[in-house]
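K.L.:
Below is one structure. I have some questions about it.
In our numbering, the protein residues as written are 18 to 791.
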């Protein structure tokens, strides 16, 4: 990090020497703009991201984080906390899903301190450094500085101790079944089983911790809260292994002031032997060497998108969002000593060959996160798709929320969108295409026997009536029906590609089922009973009930594949645009009677001061871009900038709601580039308003997309004109085919809207009921 400070000083010296050339913007490596604390000032009642500072590599199998919350608390780190209890290996994708495979290390000074209450220490953010590749904090009560740097499946920790005969490190394998063994006088191994669901009965996270200094003593217990200090021999009475509900070890050192002790840590979901294999990721490398490699990897991944011509705050926000966009889904596969790719199956408990990724909810991430992977990092998504094919083979279902196996959360069958988009863009490995098509078709007619959010709950109604009824005991029925219709459209696109004409025709008919829930009286989507009557009474402000974490104002727009058809139901494009306008005009009133209390998403909508627009939750995030379909693209441009400017900041309260597995961040990344995937599985992106003067996308295929907007500024949020590869482009969309192999976009931005551009029929993006895919 010192070399960047030197570079800044050098730049200032050169400027002072009177360089006569045109001043050039001096940009840091992208990872230096990232704050991993963005979104950490959150709690159960109000989310500004619900994130934690992940110390990890992109898509890494294991993350590490400082732990301020109690063991088992989903809010593992909150910015307002004052004490740290440990440094936890975590696989948590969300506080609402919680964690699995977790254990923690905590350096301490003093006797005992095995339990999390006695070992915790005060800390200050002024003595904390939080970067993706490096974390450091001073633990005031112990007079110890702790540092962490990661690899994909291992990490190196460095503890700088005071002079003390009572220095040590606590290794906490957590409760609900764990084991710790003292292997030798420098090595601790064990396993943890603590999880929050979604695992087979034989689940273990095997870990190994190897220190560079021998222990002077060891304490072991399976009851840390009732433990009293015992023997200080290397192997205390009872042997060198403890197995029970809550295994904890404390290893002791005698240290002089400033002495540094290194701990190399790795884990495996496969076996203790594989944990040792994973430890070879760090080997004997120094802390600095591992840190430099991690830093380089982050700059490689984040550097796939280069932005310039913006403000410092915009760079910080952009790259902090891109950091969040490349954390999940995480790798769940490991590499054997012979170089084979294998994984422990979170679906059947076997160790099998091939890729596996996990920790993502497709209800969130189908919208922008997976389209971003397809655009910028297609080789990564190719592995993810191969892993999804394995999930189908191992469980008979595609996951909808995986952590690490099937979890009961959210609604819809949005694996169809994720799988279809990758197939249609040529990213899925050829050998998996037919398997994944079979998996999508199978999922249309069944539901997981233990996890009702996997498959299609209510499929028997949807496949006969064309919707899931309001009065048959299936909650969130409108949300399910709308998403099933879109998912059917996605599968139909793949069926056409594969020459399955009969399947495609049936699916295309089902894709129009959204019309069955449109209420012409209110011009909104509304629950419908099995006899065809609409639910009554009806309030467009009622959250939940027929909808998922939203109301009719939010979910009515979930017709991603046919906005023109929705506009027709509303009375035409002008009426459609007026209804969109209304979302921002109506006050942020709400009805929380379904929940019986005000859920945090409601509060986040209210404080955003954008009427009933709820950007903090995913169902509304594409709405702004629907103005493109109404022939009023200047409104999409205005609102895209408004949301970027007002609702995102690279600071602890930087999000306007949950940052779910990269989705809310991917919205910002796409929007800052100037376009957005309103309808994944389509070969088009809707246009918005680019944020920067220039952005260059380096696809990992080697193709380069250059986006220029000379003179772009905060007061120039409207597109005056656009050229694509040097030719005038008046359309409100960008074709995938024109971007995939590289392209040059040049925007002319202006302070006033251009109400002539993008208004013609040919300028509107695809809608199923109006046009064929281009």
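Every residue gets a Cβ at the ideal spot worked out from N, C-alpha and C, and that includes glycine.
1. Report the residue from 783, 139, 617, 670 whose alpha carbon sits nearest the alpha carbon of residue 161.
2. Assess, as a yes-or-no matter, whether the stretch 367 to 377 is touched by the stretch 661 to 674 under the definition of 3 or more beta carbon pairs within less than 8 angstroms.
3. I'd like the list of long-range same chain contacts for residue 627, defined as Cβ closer than 6 angstroms, with 5 residues on each side in sequence excluded.
4. Is the stretch 690 to 697 close to the stretch 398 to 407, with three or more CB pairs under 8 angstroms?
5. Give the DSSP-derived three-state secondary structure of residue 366 in the structure shown.
6. When DSSP labels each residue in this structure, what does residue 795 get in the three-state scheme?
7. Tell me the DSSP secondary structure of residue 151 in three-state form.
8. Can you tell me whether residue 124 is helix, strand or coil according to DSSP?
9. For a test of the three-state rule: what should DSSP assign to residue 39, helix, strand or coil?
10. Flag this pair as touching only if the stretch 172 to 179 and the stretch 82 to 93 have three or more C-beta atom pairs under 8 angstroms; answer yes or no.
11. With a floor of 4 residues, list each alpha helix (DSSP H) that falls wholly inside the stretch 63 to 119, ordered by position along the chain.
12. What are the residues that DSSP puts in a beta bridge with residue 762?
13. In chain order, what are the residue ranges of uninterrupted alpha helix (DSSP H) at least 4 long that sit wholly in the stretch 282 to 315?
14. Put residue 197 into one of helix, strand or coil per three-state DSSP.
15. If contact is defined by three or more beta carbon pairs under 8 angstroms, each pair taking one atom from either stretch, is the stretch 683 to 691 in contact with the stretch 334 to 347?
16. Check whether the Cβ atoms of residue 498 and residue 541 sit closer than 7 angstroms, and answer yes or no.
17. Could you give the DSSP three-state label for residue 559: helix, strand or coil?
18. Quick one: Cα of residue 317 to Cα of residue 76, how far?
19. Measure the CB-CB distance between residue 750 and residue 701 and report whether it falls below 7 angstroms.
20. Is it right to say residue 38 is buried, meaning 16 or more other beta carbons lie within 10 angstroms of its own, or is it exposed?
21. Look at the alpha carbon of residue 538 and the alpha carbon of residue 557, and state the distance between them as a whole number of angstroms.
22. Can you give me the C-alpha to C-alpha distance between residue 569 and residue 608, rounded to a whole angstrom?
23. Taking buried to mean at least 16 other C-beta atoms within 10 Å of its own C-beta, is residue 606 buried or exposed?
24. Quick one: using the 10 Å Cβ neighbour count with 16 as the cut-off for buried, is residue 148 buried or exposed?
25. From residue 47 to residue 715, what distance separates their C-alpha atoms?
26. Since residue 570 is in the alpha helix (DSSP H), which residue starts that stretch and which ends it?
27. Taking Cβ positions, are residue 119 and residue 385 nearer each other than 7 angstroms?
28. Mind checking whether the beta-carbon of residue 525 lies closer than 6 angstroms to any heavy atom of the ligand ADP?
29. What's the gap between the Cα of residue 644 and the Cα of residue 478?
30. In the DSSP assignment, find the unbroken alpha helix (DSSP H) run with residue 506 in it and report its ends.
31. On the CB-based measure, 16 or more other CB atoms within 10 Å of its CB, does residue 219 come out buried or exposed?
32. My assumption, with CB atoms under 8 angstroms, is that residue 678 sits in contact with residue 735. Please give the rounded CB distance.
33. How would you call residue 383, buried or exposed, if buried means at least 16 neighbouring beta carbons within 10 angstroms?
P.N.:
In this structure, then:
1. As a first step, residue 161 must be located in the chain shown, where it is residue number 144. When only C-alpha atoms are compared, the closest one is 139.
2. no
3. Position 610 of the chain shown, counted from the start, is the residue given in the question as residue 627. So the list reads 601, once near-sequence residues are dropped.
4. As far as the Cβ criterion goes, the stretch 690 to 697 does not touch the stretch 398 to 407, which means the pair count is below three.
5. Here the question's residue 366 lines up with position 349 in the chain shown. In the structure shown, residue 366 sits in coil (DSSP, three-state: anything other than H, G, I, E or B).
6. Any answer about residue 795 is impossible in this case: the structure gives the chain only from 18 up to 791.
7. As a working note, residue 151 is residue 134 in the chain shown. Note: residue 151 maps to strand in three-state DSSP.
8. Sequence index remark: in the chain shown, residue 124 carries index 107 (1-based). In this structure, residue 124 counts as strand in the three-state DSSP scheme.
9. Within the chain shown, residue 39 is the residue found at index 22, counting from 1. Legend: pLDDT at residue 39 = 41, less than 50; position of this residue unreliable, value from coordinates given subsequently. The answer is coil: DSSP assigns residue 39 none of H, G, I, E or B.
10. With a cut-off of 8 angstroms, the stretch 82 to 93 and the stretch 172 to 179 do not count as touching, because too few Cβ pairs lie within range.
11. The stretch 63 to 119 contains no whole alpha helix (DSSP H) run of 4 or more residues.
12. Taking the first residue of the chain shown as position 1, residue 762 is located at position 745. Answer is 724, 741.
13. 289 to 296
14. The residue labelled residue 197 in the question sits at position 180 within the chain shown. Looking at residue 197 - three-state DSSP - the assignment turns out to be strand.
15. yes
16. Within the chain shown, numbered from 1, the residue matching residue 498 stands at position 481. Within the chain shown, numbered from 1, the residue matching residue 541 stands at position 524. Going by C-beta atoms, residue 498 is not nearer than 7 angstroms to residue 541.
17. Taking the first residue of the chain shown as 1, we reach residue 559 at position 542. Looking at residue 559 - three-state DSSP - the assignment turns out to be strand.
18. Counting from 1 along the chain shown, the entry for residue 317 is found at position 300. Counting from 1 along the chain shown, the entry for residue 76 is found at position 59. Going from the Cα of residue 317 to the Cα of residue 76 covers about 13 angstroms.
19. For the purposes of this step, residue 750 is identified with residue 733 of the chain shown, where counting begins at 1. For the purposes of this step, residue 701 is identified with residue 684 of the chain shown, where counting begins at 1. Against a cut-off of 7 angstroms, the Cβ pair of residue 701 and residue 750 comes out as a contact.
20. The residue labelled residue 38 in the question sits at position 21 within the chain shown. The pLDDT assigned to residue 38 is 39, lower than 50, so where the model puts this residue is not dependable, and the model offers no usable value.
21. Looking up residue 538 in the chain shown gives position 521. Looking up residue 557 in the chain shown gives position 540. Approximately 12 angstroms between the Cα atoms of the pair.
22. As a position in the chain shown, residue 569 is number 552, starting the count at 1. As a position in the chain shown, residue 608 is number 591, starting the count at 1. Cα to Cα, residue 569 sits roughly 11 angstroms from residue 608.
23. Locating residue 606 in the chain shown gives position 589, counting from the first residue. Exposed, since its Cβ has fewer than 16 Cβ neighbours within 10 Å.
24. Taking the first residue of the chain shown as 1, we reach residue 148 at position 131. By the Cβ neighbour-count rule, residue 148 is buried, with 16 or more other Cβ atoms within 10 Å of its own.
25. In the chain shown, the residue the question calls residue 47 occupies position 30. In the chain shown, the residue the question calls residue 715 occupies position 698. Residue 47 and residue 715 have their C-alpha atoms spaced approximately 14 angstroms apart.
26. In the chain shown, residue 570 corresponds to position 553, counting from 1. DSSP places residue 570 inside the alpha helix (DSSP H), whose first and last residues are 569 to 572.
27. Position 102 of the chain shown, counting from 1, holds the residue named residue 119. Position 368 of the chain shown, counting from 1, holds the residue named residue 385. No, the pair does not count as a contact, with Cβ atoms beyond the cut-off.
28. Within the structure as shown, the ligand ADP is missing, as the structure has no ligands at all.
29. Along the chain shown, one-based indexing puts residue 644 at 627. Along the chain shown, one-based indexing puts residue 478 at 461. Roughly 33 angstroms separates the two Cα atoms.
30. If you number the chain shown from 1, residue 506 lands on position 489. That run of the alpha helix (DSSP H) goes 494 to 514.
31. As a position in the chain shown, residue 219 is number 202, starting the count at 1. Residue 219 should be labelled exposed.
32. As a working note, residue 678 is residue 661 in the chain shown. As a working note, residue 735 is residue 718 in the chain shown. The Cβ separation is near 32 angstroms, so there is no contact.
33. Taking the first residue of the chain shown as position 1, residue 383 is located at position 366. By the neighbour-count rule (16 or more Cβ atoms within 10 Å), residue 383 is buried.
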